[in-house]
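Novice: Once you've had a glance at the structure underneath, I'll fire off some questions.
Number of protein chains: 2
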Amino acid sequence: MGSEKGMALFLATFVNKVDKKGRVSVPATFRATLAPQTFAGVVAFRSFTAPCVEAGGIDWMERLSAGTDDLAAFSAEQDELTSLIFADSRQLPFDPEGRIILPEDLMAHAGITEAAAFVGKGKTFQIWEPAAAAAVQEELRQRAMKNRPTLALPKGGPA
Amino acid sequence: MGSEKGMALFLATFVNKVDKKGRVSVPATFRATLAPQTFAGVVAFRSFTAPCVEAGGIDWMERLSAGTDDLAAFSAEQDELTSLIFADSRQLPFDPEGRIILPEDLMAHAGITEAAAFVGKGKTFQIWEPAAAAAVQEELRQRAMKNRPTLALPKGGPA
DNA sequence: CCTGCACCCATTGACGCCCATAAAACACCA
DNA sequence: TGGTGTTTTATGGGCGTCAATGGGTGCAGG
Chain A
38 MGSEKGMALF LATFVNKVDK KGRVSVPATF RATLAPQTFA GVVAFRSFTA
88 PCVEAGGIDW MERLSAGTDD LAAFSAEQDE LTSLIFADSR QLPFDPEGRI
138 ILPEDLMAHA GITEAAAFVG KGKTFQIWEP AAAAAVQEEL RQRAMKNRPT
188 LALPKGGPA
Chain B
38 MGSEKGMALF LATFVNKVDK KGRVSVPATF RATLAPQTFA GVVAFRSFTA
88 PCVEAGGIDW MERLSAGTDD LAAFSAEQDE LTSLIFADSR QLPFDPEGRI
138 ILPEDLMAHA GITEAAAFVG KGKTFQIWEP AAAAAVQEEL RQRAMKNRPT
188 LALPKGGPA
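Quick look at the structure:
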């Protein structure tokens, strides 16, 4: 099993079924990258940029908290972000088989009914209605073929 | 073997068969350059510049992750890049014989059916349908003989 | 007593591991 | 230098294991 040290990335897209109880299996590879965390489960909240659920491990929340701490206390911006993120987020624990229960409002926000797409985003991931995820992905891909986006990389490594 | 100080590179082109299970042997020399990585396998995604599969080691992905971490969380730019890079990429682990399983959609995108060409690109490599790879190679070679491309090198090294 | 929700068990189908064979690169020796 | 034996690589197939899924059951709280 996964006792690697360096890698802790969420990669690829997996589509799993949602059963009548609202349970979904979190992909095994995602569970593996979540394994070292202190909370055995997923933290999730409704995205405010897309019809999907933002998700990650508990340490990611702590990182976000560190980010909002840098904003001025009582500023409108700080108030807004902390509400959007922390007030809306929940901890979804794994059951013994590695599934989580998707709350009603999260499913409604993403339009999820009978299947959910887990979309890897590196240090975090998103949960989508499968068809919507595919559509957005395809559109991004089309755009990329024209605009060839670039990314500045730290030097020294491979590629 | 294989613990040289200089970074190992992916060189040359190898054509291997794809069996009924979708398995392909990764060339032994490529496995050797991937050996020091934390994940025993390759990371691959559909190229958005050519009908082929882009591939490399996991540390290459981690480097890309470090790059996207410098972008603001929830920014459009960060969202697009992480989707493009991570959502479409897959971890393909080696089996005990050094083979990987090429997923259906990757094979479809590259037009691969019964054989795959592993094309070294230095710090990464590509996987092509053999005939397509040969055609593109030949065309590039023809063009190079006319245009005579040049390459500036960092100074201080050998040659 | 009824409704959840958390744990347990059963099924299945894919994938990972093992073997066995074959072909090729290499080393060694006459 | 050519032949021969050995090691590594490539390939094919069978089988066990685990992940994904569905359903049942017991405990807790209202």
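For the record, the sequence lines run as chains A and B.
With positions in the first sequence counted from 1, the corresponding number in our numbering is that position plus 37.
With positions in the second sequence counted from 1, the corresponding number in our numbering is that position plus 37.
Quick reminder that beta carbons are idealized off the backbone N, C-alpha and C, glycines included.
Keep in mind that this is a model prediction, so the values were computed, not measured.
#1: With a threshold of 7 Å on Cβ separation, who are the neighbours of Gly94(A) within its own chain once the five nearest residues in sequence on each side are excluded?
#2: Return the residue from the list Phe51(A), Ala45(A), Phe47(A), Leu46(A) that minimises the CA-CA distance to Pro167(A).
#3: What's the gap between the Cα of Glu134(B) and the Cα of Pro64(B)?
#4: Can you check whether the CB of Gly59(B) is closer than 7 Å to the CB of Gln128(B)?
#5: Quick check on DSSP: helix, strand or coil for Phe162(A)?
#6: With a CB to CB cut of under 7 Å and the five nearest residues on each side skipped, what residues in its chain are close to Phe67(B)?
#7: Measure the beta-carbon distance from Ala92(B) to Ala69(B) and round it to whole angstroms, keeping in mind my assumption that it falls under 8 Å.
#8: Using DSSP with H/G/I as helix, E/B as strand and the rest coil, what is Gly104(A)?
#9: Return the CA-CA distance between Ala55(A) and Ser84(B), expressed in angstroms with no decimal places.
#10: Taking only heavy atoms of the ligand GTP into account, decide whether any of them is closer than 6 Å to the Cβ of Leu101(B).
#11: Across which residues does DSSP place Lys54(B) in a beta bridge pair?
#12: Could you tell me which residues DSSP pairs with Phe82(B) in its beta bridges?
#13: For Phe131(B), list the residues DSSP reports as bridge partners.
#14: Within its chain, find whatever has a CB closer than 6 Å to the CB of Pro140(A); leave out the 5 residues flanking it on each side and keep chain order.
#15: Let me check understanding here. Comparing Cα to Cα, which of Ala181(B), Leu188(B), Ala172(B), Lys158(B) lies closest to Ala49(B)?
#16: What residues match up with Arg60(B) in a beta bridge as DSSP calls it?
#17: Can you pull the DSSP bridge partners for Phe27(A)?
#18: Take the Cβ of Leu121(B) as the centre, count every other Cβ of all protein chains shown within 10 Å, and call the residue buried at 16 or more, exposed below.
#19: Tell me, please, which residues DSSP counts as bridged to Phe47(A).
#20: In chain B, which residues lie with their C-beta within 8 Å of the C-beta of Gln174(A)?
#21: Is the shortest distance between the beta-carbon of Ala169(B) and the beta-carbons of chain A less than 7 Å?
#22: What is the DSSP secondary structure of Leu177(B), counted as helix, strand or coil?
#23: Under 8 Å Cβ-Cβ, which residues of chain A neighbour Gln128(B)?
#24: Classify Glu100(B) as buried or exposed, calling it buried when 16 or more other Cβ atoms lie within 10 Å of its own Cβ.
#25: Report the residue from Arg180(B), Gly193(B), Ser102(B) whose alpha carbon sits nearest the alpha carbon of Leu188(A).
#26: Give the DSSP-derived three-state secondary structure of Ala77(A) in the structure shown.
#27: Below 8 Å on the Cβ atoms is my guess for Val90(B) versus Ile164(B); work out the distance and round it to an integer in Å.
#28: Do Pro88(B) and Ala147(B) count as a contact pair if the criterion is CB distance below 7 Å?
Specialist: Short version:
#1: Leu71, Gln74, Val80
#2: Phe51(A)
#3: 11 Å
#4: no
#5: strand
#6: Phe47, Phe155, Phe162
#7: Between Ala69(B) and Ala92(B) the Cβ distance is about 15 Å, and since that is not below 8 Å, they are no contact.
#8: helix
#9: Looking at the sequence provided, one finds Val at residue 55(A) rather than Ala. The straight-line gap from Cα to Cα measures roughly 31 Å.
#10: Annotation note on the ligand GTP: not contained in the displayed structure, which lists no ligands.
#11: Ala152(B)
#12: Glu91(B)
#13: Bridge partners of Phe131(B): none, in fact.
#14: none
#15: Lys158(B)
#16: Ile138(B)
#17: Chain A is shown only over 38 to 196; residue 27(A) falls outside these bounds and no answer can be derived.
#18: buried
#19: Gly159(A)
#20: Ser120, Ala124, Asp125
#21: no
#22: helix
#23: Leu48, Ala49, Thr66
#24: Reading off the sequence shown, one finds Arg at residue 100(B), where the question assumed Glu. Classification of Arg100(B): buried, given that the 10 Å Cβ count is 16 or more.
#25: Ser102(B)
#26: coil
#27: 4 Å
#28: yes
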